Each structure stands twice: as structure tokens, then as C-alpha cells.
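**Q** Residue numbers for the first sequence follow UniProt numbering, beginning at 1 and rising by one.
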Amino acid sequence: MSADDSPKSTDVNRAQTTGADTVDPDEDGENHRVFWADEMADRIEERDPDEPIVIKGGVSPSGIPHLGHFNEILRGFFVAEVLRERGHEVRQVFTSDDKDALRKVPRQLADSDWNIVGLGEVNAGALGRNLGKPYTDIPDPFDDHDSYGAHFTDLLHQSAEMLDVPVDMLSNTDLYADGTFDDVVKYVLEHRDEARKILSQYQDKIDDDYVPFQAQCSSCGVLTTNITGVDVESETVDYVCEGLEAGGQQIDGCGHEGTATFREGKLPWRFEWPGQWQALGVDFEPFGKDHAEGSWPSGKDIAENFLHIQPPVPMTYEWFTLNGEALSSSSGNVVTVHEVLELLEPEVLRYFFVRNPMKAKDFDISRLDQLVDEFDRFEGIYFDDVDDESLAALADRAYPFTVDEVRENRVRLPYTFAAVLGMTDDEDLREQMARNEGHITDDTPEWAIEEAMKRVEKARNWAERLDNEYNYRLQVAMPETDFDDDVETALAELADFVEEGHSGEEIQGEIYETAKRNDVETGDFFQAGYRLFFDATQGPRLGTFLGELDATFVVKRLRREE
RNA sequence: GGGCCGGUAGCUCAGUUAGGCAGAGCGUCUGACUCUUAAUCAGACGGUCGCGUGUUCAAAUCGCGCCCGGCCCGCCA
1 MSADDSPKST
11 DVNRAQTTGA
21 DTVDPDEDGE
31 NHRVFWADEM
41 ADRIEERDPD
51 EPIVIKGGVS
61 PSGIPHLGHF
71 NEILRGFFVA
81 EVLRERGHEV
91 RQVFTSDDKD
101 ALRKVPRQLA
111 DSDWNIVGLG
121 EVNAGALGRN
131 LGKPYTDIPD
141 PFDDHDSYGA
151 HFTDLLHQSA
161 EMLDVPVDML
171 SNTDLYADGT
181 FDDVVKYVLE
191 HRDEARKILS
201 QYQDKIDDDY
211 VPFQAQCSSC
221 GVLTTNITGV
231 DVESETVDYV
241 CEGLEAGGQQ
251 IDGCGHEGTA
261 TFREGKLPWR
271 FEWPGQWQAL
281 GVDFEPFGKD
291 HAEGSWPSGK
301 DIAENFLHIQ
311 PPVPMTYEWF
321 TLNGEALSSS
331 SGNVVTVHEV
341 LELLEPEVLR
351 YFFVRNPMKA
361 KDFDISRLDQ
371 LVDEFDRFEG
381 IYFDDVDDES
391 LAALADRAYP
401 FTVDEVRENR
411 VRLPYTFAAV
421 LGMTDDEDLR
431 EQMARNEGHI
441 TDDTPEWAIE
451 EAMKRVEKAR
461 NWAERLDNEY
471 NYRLQVAMPE
481 TDFDDDVETA
491 LAELADFVEE
501 GHSGEEIQGE
511 IYETAKRNDV
521 ETGDFFQAGY
531 RLFFDATQGP
541 RLGTFLGELD
551 ATFVVKRLRR
561 EE
């Protein structure tokens, strides 16, 4: 590459070469792995890394942590687990990039119990006055943590724990304060001419006055990019507080002229990221596709040719969509891990991230039954209960990483069946119904029954959240009714039949027979039944459902007695 | 404009590295179960593998050219 290449063409060339090593298969083609995490682990091992192997991810704690952020955590988790299985010591860290400035006040926040609240319910004005300041210097709107940053970092950490992913949360602010970044900050500022030169290959706006540092104003606390002088000896910079530009919008500084130490500010992202790699010894880092053509090429270049360190093994992942739309905090199209775990088990959510990271997936809440069933099938393939040639290899390899413990004899109620069981609150009845359908047998161990029944609550939450065709409630109190004489007669006959003692299947048949005998449309008769038991016009398969219930209750209800 | 990733059944996705019969689940339809009522079985339907072209005995898979979507090439992460 000639020296007089324009920045643009250099950029393009770099994109070509660096993009390739995130996507190209192994050259020899012999190391194809069915599970992508194995392939990443191979590449990490090829570097002969020091132990513990460090796997990193990171986000800024700008607001409610949503499911999209868990790409970072779970992609890293699977690679970490694979490496651990291979006998390595692994440390998974997650940086909360909490020294970044708050640029925009989010529309929604979440308190420490995951209640989503609108801006109006907190002191929005107080937040707005803190634009441009590091997240860790902004008061917690909920007053239960040291700062805004600490609040949302904690939520992020909670989410990881809900999925049993052991991560060390590292506060960037702390890393600056405790000196972890000292060496790299000093190095970057000492070699700022070189730094400017290398970054200018990627960013057009880097001019001769550019200093790769953002100082925090001692007067107003806002970060400013306007550095007027650098004293490497005393490890300070001079600045004029002009604030910073963010999202096309200028956040004003106070005009204060001051001096800040190297710890009283931060590196700009393009240097901070490679700085983290160096300071933390990072061996692997997954990142979203937005980084793939943006900060990764420059970060890799900066690491290799400026800091002279080996950049981590990279992995680009595609973003997934939520209910068919892009995840977006501003439009409110987000879902938290906390919410998801009210609807399904952690292992199912982990499974969602087992699949090919390069393909955009849709997380569709209205079809969670499908995702759960898919997981059940995946599990079945692992245990050879289900035949599926195309998925067998992946299931064999990856399934064990989705569960906390591989156990045979687990029982998985089909999700929609669990939703049907959720129509009653009676836990004994739920279990009885599961037995009647053969999902639970006398050989089923107690622990498996207990675990299986947990899904009922989740499926129930799902039905209620979506208000879908499973959202029916067995009515404990007598609903109001208004039936024709014919229907009343038919109900009375059906009551007699139930009183005689019959199975659910027999009752189901008798419903048709009774309706015919009394010249009632079967549809109308079913509606009467649904009205009586669910206070609705539709419901689950009626006869079999009634067959599960206490006969005395059913008879009384059919006779419309209390 | 340049680049990266993706595009396979109505839906969700495997399969693309190393060319070898177009696949699964769900849904739909039909049938069975004394039965139109969502939890049971069985079967069927369902495809221009985004489009075109080249290479090959053989292309979803490899090359080239297009189309569509997302992202990057400002800031920030």
C-alpha cells in the first residue's frame, strides 16, 4: 500500500482485510465445527494465551438493559464454557462503560425490581441537567445506588445472574480511578502524534489539534474534547470546557479553563477499546455488526501497530429482532431478561443464543411456544428420544451448555399444554391433568415433576401477557348466565351423566349426544359450557377438561347451583 | 458511491467451510378417535434455495453481475 493512498481508500482496503478474519473459515477446512463456540475456542487456543483466558464484553449503562445486550454476555459465555471444558481457566469480564457521557435522557427507566417506569415518574429535570457527564457522576433517579451508572450496571449484572452466567462486572470509571488504565492513557498521550495519524486513517475529522483524550471539567463535571495542552511529565492536560457533540447535538460546557490529571477524564472510544484489551489482557471479544466495519478495523490496527499488542479474537454477531422489529429503547421495542424469564426457562433463552450468530433471528413473543418446543426437541435429540440427522451433531455438542446440569428423565410439558393447565390455579389439579395425559408417570421422579410444573406458571404468564387463545380462567364463582330452556335441559342431562362417573373422553362424546338429543346446536351447547366454566365463548377441549375436574364441582356448576 | 452480513416452504429456521436426491418443526388441509372446540394419532399439500449467468458429470453450496433488507464508511457505544 503506497503512502499517498487517500484515507478513504486505505479505509476500504483495511475493511476488506480485517473484515475477512471475522468471517473466514479456517484455511485448511479441516477444523469445521458444528458449534460456533468451538470454532472460536480453536482460534483462541491457536494464540497460545496466558491463563486465565480473558473473555470480554461491554456496554454502556445508558438505560434499561434489554435482551439485545445479552448477545455480548451469552456469546462470550458459550466460548468460555467450551474453553473451560477443554481444561482452561477462563475469566469472563464485562465492562460497564460507565465513564461515558449521558447523551440523551431515555424515555423509560427501570427500578431495581424491574418495574418499567416512564420519565415522568422520576425527576426528569435532574437527569436532563446531567447531560454530558459520566454515568457514574449522575445521581441514581431511584436513589438506591451510588449513581445512575451503578444502578443500570447492577441491573445488567442481575440479568447475567438470572441466566447463571458468571461474569466479573468491571466499572470503567473504577478502572480509570484505580490506575488500571494509567499506562495506556500515558502511552496514548505520550504518542499522541502517532495516535492522531493512525486514527485519521479511519476518521476524516481528525485534525492537527486533535488530542485523544476527553477531560472532565472540574467545574461542571461535563466531559470535553477541547484539550489545549498536554504535559506528559506531570500527567495532566489543559482544557477549555466546551462540552461535547453527541448524536448531532451539542452538549454545552461551561467555558471553564482548567487542568485535569490523566485519571480525570477518559480515552475516546476508538482508543479506549484497545486500551481495555491491553489493560485486561483480553483474548476474545464478541461484538455487534455495527462494530464490524466501524471500530473493529481501527481497534485492531491501533492494537497491532500502535499499542503493539495482539488484539483479541473477534466475533461479529448479527442483531436479532423483537417481534419482527429492531430492538429500540427509544421506540420502546425492548424486552428485559427479567420479563423473558417470566415466560420461559433460562435454558430456553440460552438455547436461543446457541444458534448461528451470523444470522439475524427474530425473538417473537407471540410464538414463544414455538421456541420452547424447539428447545424441547433439541433436548430430545440430545437424549436420542428424537431423530433428527441435521441437528444431531449440534445438539450433542451444544445442549449441555444450555442447562445447569444434564439430567435424564426431565419432563417437559408442551408449552401450549402448560398454558391449558394454567387455566386453573389448583396445583394438584394441574399435576393430575399432566398425569392423565401421560406426561407424568409413576416412574417420574419428584424433582422432575416439580421442575416440569414450573413451566405452567410461565405459560400462564405468556397467555395473560398476550391475551391469546390460552388466556382462559376456570371460574371459581358462578358466572352470570342466560340460557334457553333446551340448553338448560341439556345441561341438566349432562350433569346427570357426569354424576354417574365417566372419563373425560366419554364426557366429550356425551356433549355432542346431549346436544343432539335436545335439538341444540353443538356450537351453542359448547358455548354454554364455556360460559359456565370459563365465562367465555371459547376454551380448551371441554369434555376432557371437565373430566379432570372434581365431579361434584362440575355437576353443581352444570346445574347452576352454588 | 464503497464495504460487511443476510435472503432456503405460509411462519421459525437447519443445510452453504469440504459441490453429490430440497430438509425439520410449526401452521394449513384431509382423515381417524362414538366427537366442528385449540392438549391425541396418521397422511397429504407446500420450493424458481432473491434474480441472472459462468464453471462442472453434478451448484442452495464455487466465480461473476445484479435486486432487496440491515449495518458500517460522522459522533457515540
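For every residue, glycine included, the Cβ atom is placed at its ideal position computed from N, Cα and C.
The structure displayed is predicted, hence computed values, not measured ones.
Give the single residue among Tyr239, Gln92 and Lys266 whose Cα lies nearest to the Cα of cysteine 254.
**A** Here the closest residue by C-alpha is Tyr239.
**Q** For a test of the three-state rule: what should DSSP assign to alanine 110, helix, strand or coil?
**A** strand
**Q** For aspartate 485, which residues in the same chain have their Cβ closer than 6 Å to its Cβ, ignoring the five residues on either side in sequence?
**A** none
**Q** Between the C-alpha atoms of arginine 397 and glutamate 304, what's the straight-line distance to the nearest angstrom?
**A** Whole-angstrom Cα-Cα distance: 34 Å.
**Q** Looking at C-alpha atoms only, which residue of Trp277, Glu45 and Asp231 is the closest neighbour of threonine 259?
**A** Nearest Cα to threonine 259 within the set Trp277, Glu45 and Asp231: Asp231.
**Q** What first and last residue would you give for the alpha helix (DSSP H) that runs through methionine 315?
**A** Looking at the DSSP string, methionine 315 is not in any alpha helix (DSSP H); the run it does join, the beta strand (DSSP E), is 313-317.
**Q** State the DSSP-derived secondary structure class of glutamate 548, mapped to helix, strand or coil.
**A** helix
**Q** By Cβ distance, which residues of its chain are closer than 6 Å to asparagine 518, with the 5 residues on each side in sequence left out?
**A** Counting only Cβ-Cβ distances below 6 Å, and skipping sequence neighbours, we find Asp486, Thr489 and Ala490.
**Q** Quick check: threonine 316 and lysine 359, are their CB atoms within less than 8 Å of each other?
**A** no
**Q** If you compare alpha carbons, which of Ser60, Glu89 and Leu74 is closest to glycine 49?
**A** Note that residue 49 corresponds to proline in the displayed sequence, not to glycine. When the alpha-carbon of proline 49 is set against those of Ser60, Glu89 and Leu74, the nearest one is in Glu89.
**Q** For glycine 243, I'd like the list of residues in its chain whose CB is within less than 7 Å of its CB, leaving aside the five on either flank, ordered along the chain.
**A** Cβ within range, chain order: Gly132, Val222, Thr224, Gln250, Ile251, Asp252 and Gly253.
**Q** Within the same chain, show all residues whose beta-carbon is closer than 6 Å to that of leucine 546, passing over the 5 residues directly before and after it, in chain order.
**A** Ile507 and Val554
**Q** Which residue's Cα is closest to the Cα of isoleucine 302: Ile227, Leu327, Ala195 and Val122?
**A** Ala195
**Q** Ordered along the chain, which non-local residues of its own chain (more than five positions away) have a Cβ less than 7 Å from that of valine 167?
**A** Apart from the 5 residues on each side of it in sequence, valine 167 sits with its Cβ closer than 7 Å to the Cβ of Ile73, Gln92, Val93, Phe94 and Ala160 in its chain, given in chain order.
**Q** With respect to the alpha helix (DSSP H) encompassing glutamate 505, which residues constitute its N-terminal and C-terminal limits?
**A** 504-517
**Q** For methionine 433, count neighbouring Cβ atoms within 10 angstroms of its own Cβ and tell me buried if that reaches 16, exposed if not.
**A** buried
**Q** State the DSSP-derived secondary structure class of leucine 494, mapped to helix, strand or coil.
**A** helix
**Q** Among the residues of its own chain, which have a CB less than 8 Å from the CB of proline 268, if the five just before and after it don't count?
**A** Pro212, Phe213, Gln214 and Thr225
**Q** Any idea what DSSP makes of aspartate 485, helix, strand or coil?
**A** helix
**Q** Which residues in the same chain as residue 610 place their Cβ atom closer than 7 Å to its Cβ, once the five residues preceding and following it in sequence are excluded?
**A** One cannot answer for residue 610 here, as it falls past the ends of the chain, which runs 1 to 562.
**Q** For the putative contact between serine 60 and aspartate 100, defined by C-beta atoms under 8 Å, what is the C-beta separation to the nearest angstrom?
**A** 5 Å
**Q** By Cβ distance, which residues of its chain are closer than 8 Å to serine 366, with the 5 residues on each side in sequence left out?
**A** Asn323, Leu466 and Asn468
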